[in-house]
Each structure stands twice: as C-alpha cells, then as structure tokens.
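Asker:
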Amino acid sequence: MQKIRKETAEAAKAEGKELPDDPAGRVIDTLVEAGRPGRLGGAGFYDYVDGKRTELWPGLRETFKTRNGADPANPPLQDLIERMLFAEAIETQKCFDEGVLTSTADANIGSIFGIGFPAWTGGVHQYILGYDGPAGKGKAGFVARAKELAAKYGDRFNPPASLLDA
Numbered sequence: 001m002q003k004i005r006k007e008t009a010e011a012a013k014a015e016g017k018e019l020p021d022d023p024a025g026r027v028i029d030t031l032v033e034a035g036r037p038g039r040l041g042g043a044g045f046y047d048y049v050d051g052k053r054t055e056l057w058p059g060l061r062e063t064f065k066t067r068n069g070a071d072p073a074n075p076p077l078q079d080l081i082e083r084m085l086f087a088e089a090i091e092t093q094k095c096f097d098e099g100v101l102t103s104t105a106d107a108n109i110g111s112i113f114g115i116g117f118p119a120w121t122g123g124v125h126q127y128i129l130g131y132d133g134p135a136g137k138g139k140a141g142f143v144a145r146a147k148e149l150a151a152k153y154g155d156r157f158n159p160p161a162s163l164l165d166a
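Residues 1 to 166 (UniProt numbering) make up the sequence shown, in order.
#1: Between the Cα of Y153 and the Cα atoms of E33, P20, L56 and L80, which residue gives the shortest distance?
#2: For L80, which of helix, strand or coil comes out of DSSP?
#3: Count the other CB atoms, across all protein chains shown, that sit within 10 Å of the CB of S111; report buried if there are 16 or more and exposed otherwise.
#4: Over what stretch of residues does the beta strand (DSSP E) that includes V27 continue unbroken?
#5: Quick one: Cα of Y131 to Cα of K137, how far?
#6: With distances taken between CB atoms, is the gap from G141 to A135 smaller than 8 Å?
#7: Could you tell me the distance, in whole angstroms, from the CA atom of G35 to the CA atom of F64?
#8: Taking the C-alpha atoms as reference points, what is the distance between C95 and E82?
#9: Hey, out of K52, A144 and K17, whose CA is closest to I128's CA?
#10: Can A119 be considered in contact with the ligand MG, in the sense that its beta carbon sits closer than 7 Å to one or more heavy atoms?
Next up, the structure:
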C-alpha cells in the first residue's frame, strides 16, 4: 500500500507538485502503523492465512472510530448513500472548477459513464441542482447537506467555493 503511495508522491514531487492530504493516505498510514501493511504483509483490512483472505480484521472498528460519536457499525442508510454520491459529486465539481471539465454536459455524462455515478440522477450537475434531501432542495439543500456530512464524517464533504456562490 505504502509503496504505491510513496511512488505517487515522488512522481508528484518530480513535477514540482505536492500530493494533497486525503483520507485514503491517512488510512494507509494508520494501517501500517498498526502493523497491517497489506496482503503481502499478511495483514491489512483483512486477516490472511497462507496468503488467503479469511475475515475482516476485528480491530478495524476500534482503529477507525468516527467523529462526533457516530456509530460506525450502524450508520444511517441515508448517510451511506449520500456519502458515496456527495464524494463523487464534490470531486467532479472540483474537476469543473479546475478546468478539467468545461461544460455541464461533460460533467453529467462523464460522471455517469466515467465514474459510474448513478444514471437515475442525471449526472453530477443535475444531482446537485435537483437535490431533494433532509437538508433542503436544490443547490442550497445540497450545500447544507454537504456541510452536515462534513461535520459528521470529515472535511472531504465540505462543498467547494464554487457551490457556495450564487
């Protein structure tokens, strides 16, 4: 796990860039610090016997406690659904902001066919504008819910500035 991460960081450094802090990197570091370097090391998210995966590591829950007392064993179903959708929607919006995507159609079509965003949403941009959830409707509802998810599950759910405008 760390080998790939280290090589990626070195490649970014060679280009004069720095890898952004991300939750996946922190997960890898935490697992390695816990003596669980991955399949080749015989322990990662799973336990291994003779190189074969046997079960989820029983220490996962204790090692990866959530914020604000949320129960990692029983998160609300709506939170599970929206954490997946919001993570992809927010990252796609960032691609739009950085000029990787240049049109709403690109964002919608690319999110469905490129990253597997659910087709029933109409795509990321359509999902954001048509959001109808517990925090409200439309873009304002999406932003409010993103802030709720960020408070509960981490900064990766904070909406980008481009969604806060207008």
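Even for Gly, the Cβ is constructed at its ideal location relative to N, Cα and C. Note that the coordinates shown come from a computational prediction; the quantities given were computed from them, not determined experimentally.
Answerer: The relevant details are as follows:
#1: Along the sequence shown, read from residue 1 onward, the residue named residue 153 stands at position 153. Ranking E33, P20, L56 and L80 by Cα distance to Y153 puts L80 first.
#2: In the sequence shown, counting from the first residue as 1, residue 80 sits at position 80. Here L80 sits in helix by DSSP.
#3: By 1-based counting over the sequence shown, the position of residue 111 is 111. Around the beta carbon of S111, a 10 Å sphere encloses 16 or more other beta carbons of the protein chains shown; the residue is thus reported as buried.
#4: Taking the first residue of the sequence shown as position 1, residue 27 is located at position 27. Unbroken run through V27 is the alpha helix (DSSP H), P23 to E33; no beta strand (DSSP E).
#5: Taking the first residue of the sequence shown as 1, we reach residue 131 at position 131. Taking the first residue of the sequence shown as 1, we reach residue 137 at position 137. So the alpha carbons of these two residues sit roughly 5 Å apart.
#6: Counting from 1 along the sequence shown, the entry for residue 141 is found at position 141. Counting from 1 along the sequence shown, the entry for residue 135 is found at position 135. Yes; because the gap between Cβ atoms is below 8 Å, this pair is in contact.
#7: Along the sequence shown, one-based indexing puts residue 35 at 35. Along the sequence shown, one-based indexing puts residue 64 at 64. Rounded to the nearest angstrom, the two C-alpha atoms are 15 Å apart.
#8: To locate residue 95, count along the sequence shown from 1; it is residue 95. To locate residue 82, count along the sequence shown from 1; it is residue 82. If I take the Cα positions, the gap works out to 19 Å.
#9: As a first step, residue 128 is located in the sequence shown; it is residue number 128 there, counting from the start. Closest option to I128, Cα to Cα, is A144.
#10: Annotation note on the ligand MG: not contained in the displayed structure, which lists no ligands.
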